[in-house]
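Following: one structure in structure tokens, then a few remarks.
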Amino acid sequence: MKGWKAREDAARNRRSLEASRQDIREIRRRHRMDEEVRLAAEAFGDVADTEAPGPEPTAEPEPVPVPPDAVVDPEPTPDRFSAMADDDLRLFLAQNGVRPDGRWSREKLIEKARAVQA
């Protein structure tokens, strides 16, 4: 009984060892390829100078002109649902016959509540 278990364990260990060796060979191969690519890029001057200064920041972007007759609301007023806590939103939906899914985001809860009220 012990003999077959020992053979099975030895076979499993050999497979694991071979897989580890294969992984190591693959990592070394990738490293060699990365090194070869880096050396080739350096030889052909394709390596970017990382210490070169970037472009100078430009001036502030020009504001978009607003027509004089346009009504601009500086701050959108939040509706009552935006001010509610998540539990209150779920309660409101439940009272109105909507069974909220536990995975719904806050935005989805607010969307559903607005649809119910409309």
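Read in order, the letters of the sequence shown correspond to residues 69 to 186 in our numbering.
Glycine included, every Cβ here is placed at the ideal spot set by N, Cα and C.
Bear in mind that the values here come from a model prediction, so they are computed numbers and not experimental data.
Do Ile178 and Leu161 have their C-beta atoms within less than 8 Å of each other?
Here residue 178 refers to the residue found at position 110 when the sequence shown is read from its first residue. Here residue 161 refers to the residue found at position 93 when the sequence shown is read from its first residue. It is not a contact, given that the beta carbons lie outside the stated cut-off.
Measuring only the C-alpha atoms, how far is Ser84 from Gly71?
Residue 84 sits at position 16 when you count from the first residue of the sequence shown. Residue 71 sits at position 3 when you count from the first residue of the sequence shown. When the Cα atoms are used, Ser84 and Gly71 turn out to be separated by approximately 20 Å.
Is it right to say Lys180 is buried, meaning 16 or more other beta carbons lie within 10 angstroms of its own, or is it exposed?
In the sequence shown, residue 180 corresponds to position 112, counting from 1. Counting the other CB atoms within 10 Å of its CB gives Lys180 a total of 16 or more, which places it among the buried residues.
Just the C-alpha distance for Arg96 and Lys176, rounded to the nearest angstrom, thanks.
Working through the sequence shown from its first residue, we reach residue 96 at position 28. Working through the sequence shown from its first residue, we reach residue 176 at position 108. Our two residues, Arg96 and Lys176, have alpha carbons roughly 49 Å apart in a direct line.
By DSSP, does Ser173 sit in helix, in strand, or in coil?
For the purposes of this step, residue 173 is taken as the residue at position 105 of the sequence shown. Of the three classes helix, strand and coil, the one that applies to Ser173 here is coil, per DSSP.
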